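Visitor: Letter by letter, the sequence shown follows residues 3 to 395 of my numbering.
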Amino acid sequence: MEIHPVHITSYADEKFNLMIFADGYTRAEFDKFHEDVQWLKDDIISPDGALRRVADLLNIWMAFVPSEQSGIGTHDQPLPGAALGLYRPGSELRAVYVKHPRRARRACKWIREGGAGKAGCDQAVLLGNDPLYGGLGGEFTIITASKVNGPQVLRHELGHSLIPVGEEYDGGWVYTGVNSDKAKNLDHLKWKKYLSDPDNVRIEDAKMAVQAYPWWDLDQGEYNITFSSSSVSQSYPTALLRTSLSSIPSPSHLDFALNGITLNLSRYFADGLEGSLDRRWLDIMLPGLKDSRNVIKVELTDEGRKAEAGLGGKMLTSLEVIEYGGNGRFNHTLGHVGAYPTFDLKGHMTLRPTNEGCLMRNVTHPQFCSICADGLRRSLEEKIARKQERMHL
Ligand SMILES: [Zn+2]
Numbered sequence: 003m004e005i006h007p008v009h010i011t012s013y014a015d016e017k018f019n020l021m022i023f024a025d026g027y028t029r030a031e032f033d034k035f036h037e038d039v040q041w042l043k044d045d046i047i048s049p050d051g052a053l054r055r056v057a058d059l060l061n062i063w064m065a066f067v068p069s070e071q072s073g074i075g076t077h078d079q080p081l082p083g084a085a086l087g088l089y090r091p092g093s094e095l096r097a098v099y100v101k102h103p104r105r106a107r108r109a110c111k112w113i114r115e116g117g118a119g120k121a122g123c124d125q126a127v128l129l130g131n132d133p134l135y136g137g138l139g140g141e142f143t144i145i146t147a148s149k150v151n152g153p154q155v156l157r158h159e160l161g162h163s164l165i166p167v168g169e170e171y172d173g174g175w176v177y178t179g180v181n182s183d184k185a186k187n188l189d190h191l192k193w194k195k196y197l198s199d200p201d202n203v204r205i206e207d208a209k210m211a212v213q214a215y216p217w218w219d220l221d222q223g224e225y226n227i228t229f230s231s232s233s234v235s236q237s238y239p240t241a242l243l244r245t246s247l248s249s250i251p252s253p254s255h256l257d258f259a260l261n262g263i264t265l266n267l268s269r270y271f272a273d274g275l276e277g278s279l280d281r282r283w284l285d286i287m288l289p290g291l292k293d294s295r296n297v298i299k300v301e302l303t304d305e306g307r308k309a310e311a312g313l314g315g316k317m318l319t320s321l322e323v324i325e326y327g328g329n330g331r332f333n334h335t336l337g338h339v340g341a342y343p344t345f346d347l348k349g350h351m352t353l354r355p356t357n358e359g360c361l362m363r364n365v366t367h368p369q370f371c372s373i374c375a376d377g378l379r380r381s382l383e384e385k386i387a388r389k390q391e392r393m394h395l
């Protein structure tokens with residue numbers, strides 16, 4: 003195992019050490035691993051990076067063990083001769099698992115106990131040499147070398163591992179930590195001292211009209227979903243359609259229609275992902291829904307049907323529509339700290355501090371909200387203090 007420093011602020015004992023392990027890089031790809039790590043490091047601790055406010059508490063290292071083949075596995079099978087054996091359960095651009103967790107655990111422990119000299123390992127990051135979206139949080143932060151999604155998954159999963167916090171996005175199942183509270187705690191929210199308008203605390207008025215995780219392969223046919231609006235007793239004149247796709251390189255490959263009218267997706271296809279088959283997120287502002295029955299229909303155009311599918315297929319992976327209360331009942335101001343409703347997989351509501359100002363909600367947002375960022379700093383300081391206490395026992 004070859005270990006190199008990447009971002010060092012002091013001795014390993016005095017800092018929190020991230021160790022980035024290689025998987026699916028052959029011996030000839032050492033330079034690529036080095037470049038991928040540098041670029042991930044630049045993303046998280048650059049002046050506007052998600053971890054910039056704790057860069058002084060971190061050391062970042064890289065650990066290289068060559069794999070026999072380049073890439074990661076699919077369909078539950080790691081590639082033969084892989085250093086750690088990262089693989090996708092199917093082919094979809096979704097979770098990535100590790101086949102040999104004990105190898106990673108043992109290597110991290112050996113480094114932590116001084117086996118590799120000055121280096122440290124307080125959190126292992128397993129980097130799979132694959133250009134497309136994938137990852138997982140937990141004991142290990144698992145990511146891929148996807149140019150756009152690699153840093154996004156790294157920031158979000160490090161949030162879970164290091165702060166630790168729950169989700170702020172809808173449709174998950176873990177809503178705990180500094181960034182989540184119950185509606186009944188409105189008068190004494192965990193983030194009370196951060197509130198933009200502490201004398202007028204209210205739950206911002208948004209409703210979840212529909213949320214779905216279809217993972218539907220559009221080569222199999224069209225996708226349809228029917229739902230009604232929340233505008234019955236009160237009006238919800240605007241709405242956000244948040245959806246994610248994979249293997250759709252261009253807006254011209256898709257006909258995405260609301261109530262029979264095709265939406266113009268071109269302005270929502272993100273920069274940096276032009277022509278890419280990687281997974282992508284789209285946030286589409288809608289003028290509002292019909293009171294009664296609404297239909298979203300998604301299908302490939304002729305051009306889309308003729309195109310060759312990338313890994314995982316031409317998928318509609320997720321879709322939700324959030325409606326916003328009119329007449330000032332919802333504060334959209336970026337940076338406003340209040341009480342925003344989040345709806346879990348079963349539709350139960352918890353509260354979060356900002357609307358879209360945190361990467362724990364919106365994975366394409368590059369930064370944590372101030373509540374998560376302060377929680378991160380506190381948590382890392384505590385982890386370092388505990389480590390030093392243990393050393394002096
Ligand atoms: Zn947050």
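Note that CB positions come from ideal geometry on N, CA and C, so glycine has one too.
Quick caveat, the model's predicted, so the values are computed rather than measured.
For residue 301, which three-state DSSP category applies?
Guide: In the sequence shown, residue 301 corresponds to position 299, counting from 1. In the structure shown, residue 301 sits in a strand (DSSP, three-state: E or B).
Visitor: In three-state DSSP terms, what is residue 102?
Guide: As a position in the sequence shown, residue 102 is number 100, starting the count at 1. If DSSP states are grouped into helix, strand and coil, residue 102 belongs with coil.
Visitor: Do residue 284 and residue 302 have their C-beta atoms closer together than 8 Å?
Guide: Reading the sequence shown from its first residue, position 282 is the one you call residue 284. Reading the sequence shown from its first residue, position 300 is the one you call residue 302. If you check the CB distance, residue 284 and residue 302 do not come in under 8 Å.
Visitor: Between the region 23-33 and the region 115-132, do at least 3 Cβ pairs fall closer than 8 Å?
Guide: yes
Visitor: For residue 317 and residue 307, I'd like the C-alpha separation in whole angstroms.
Guide: By 1-based counting over the sequence shown, the position of residue 317 is 315. By 1-based counting over the sequence shown, the position of residue 307 is 305. Taking the straight line joining both Cα atoms gives about 12 Å.
Visitor: Pick out the complete beta strand (DSSP E) segments inside the region 166-216, 3 residues or longer, and give them in chain order.
Guide: Given a length threshold of 3 residues, each whole run of the beta strand (DSSP E) inside the region 166-216 is given here in chain order: 208-214.
Visitor: Could you tell me which of 225, 265, 255 and 84 sits nearest to residue 101, measuring between CA atoms?
Guide: Within the sequence shown, residue 101 is the residue found at index 99, counting from 1. The shortest Cα separation from residue 101 among 225, 265, 255 and 84 belongs to 84.
Visitor: Counting only the same chain and skipping the five closest in sequence on each side, list residues whose C-beta sits under 8 Å from that of residue 381.
Guide: To locate residue 381, count along the sequence shown from 1; it is residue 379. Hits under 8 Å: 164, 165 and 166.
Visitor: On a CA-only basis, which of 35, 33, 29 and 333 is nearest residue 208? Give me that one, please.
Guide: Here residue 208 corresponds to residue number 206 of the sequence shown, with the count starting at 1. Nearest Cα to residue 208 within the set 35, 33, 29 and 333: 333.
Visitor: Measure the alpha-carbon distance for residue 355 versus residue 172 and round it to whole angstroms.
Guide: Numbered from 1 along the sequence shown, position 353 holds the residue referred to as residue 355. Numbered from 1 along the sequence shown, position 170 holds the residue referred to as residue 172. Answer to the nearest angstrom: the Cα atoms are 14 Å apart.
Visitor: For residue 285, write down the residues that DSSP places opposite it in a beta bridge.
Guide: Working through the sequence shown from its first residue, we reach residue 285 at position 283. Per DSSP, 244.
Visitor: Any heavy atom of ligand 2 closer than 7 Å to the Cβ of residue 355?
Guide: Only ligand 1 can be found as ligands here, which leaves ligand 2 out of the picture.
Visitor: Considering only their Cβ atoms, is the gap separating residue 96 from residue 136 smaller than 8 Å?
Guide: Translated into positions along the sequence shown, residue 136 becomes position 134. Translated into positions along the sequence shown, residue 96 becomes position 94. In contact: residue 136 and residue 96 (Cβ atoms closer than 8 Å).
Visitor: Decide if residue 402 is buried, meaning its Cβ has at least 16 other Cβ atoms within 10 Å, or exposed.
Guide: The requested residue 402 is not part of the displayed model; the chain covers only 3 to 395.
Visitor: Between residue 233 and residue 291, is the Cβ-Cβ spacing less than 8 Å?
Guide: Counted from its first residue, the sequence shown places residue 233 at position 231. Counted from its first residue, the sequence shown places residue 291 at position 289. Yes.
Visitor: Where does residue 346 land, buried or exposed, given buried means 16+ other C-beta within 10 angstroms?
Guide: Residue numbering aside, residue 346 sits at position 344 when the sequence shown is read from its first letter. With 16 or more Cβ atoms within 10 Å of its Cβ, residue 346 is classed as buried.
Visitor: If we ignore side chains and look at the alpha-carbon of each, how far apart do residue 148 and residue 42 end up?
Guide: As a position in the sequence shown, residue 148 is number 146, starting the count at 1. As a position in the sequence shown, residue 42 is number 40, starting the count at 1. Whole-angstrom Cα-Cα distance: 10 Å.
Visitor: Mind checking who residue 24 pairs with in its DSSP beta bridge?
Guide: Along the sequence shown, read from residue 1 onward, the residue named residue 24 stands at position 22. According to DSSP, which records beta bridges pairwise, residue 24 is partnered with 129.
Visitor: Go ahead and pull the three-state DSSP assignment for residue 8.
Guide: As a working mapping, residue 8 is identified with position 6 in the sequence shown. DSSP places residue 8 in strand when its eight states are reduced to three.
Visitor: Could you check whether the Cβ of residue 181 sits closer than 7 Å to any heavy atom belonging to ligand 1?
Guide: Indexing the sequence shown from 1 puts residue 181 at position 179. Flag set: Cβ of residue 181 near ligand 1.
Visitor: Using a 10 Å radius around the Cβ and a threshold of 16 neighbouring Cβ atoms, would you call residue 176 buried or exposed?
Guide: Here residue 176 refers to the residue found at position 174 of the sequence shown. Classification for residue 176: exposed.
Visitor: Per DSSP, residue 323 is paired with what?
Guide: By one-based count along the sequence shown, residue 323 stands at place 321. For residue 323, which the question treats as bridged, DSSP gives the partners 212 and 243.
Visitor: Taking the straight line between their C-alpha atoms, what separation do you get for residue 362 and residue 313?
Guide: By one-based count along the sequence shown, residue 362 stands at place 360. By one-based count along the sequence shown, residue 313 stands at place 311. So the two alpha carbons sit approximately 26 Å from each other.
Visitor: According to the Cβ coordinates, are residue 264 and residue 271 closer than 8 Å?
Guide: Taking the sequence shown and counting its residues from 1, the one referred to as residue 264 is at position 262. Taking the sequence shown and counting its residues from 1, the one referred to as residue 271 is at position 269. No.
Visitor: Under three-state DSSP, which class holds residue 19?
Guide: Counting from 1 along the sequence shown, the entry for residue 19 is found at position 17. If DSSP states are grouped into helix, strand and coil, residue 19 belongs with the strands.
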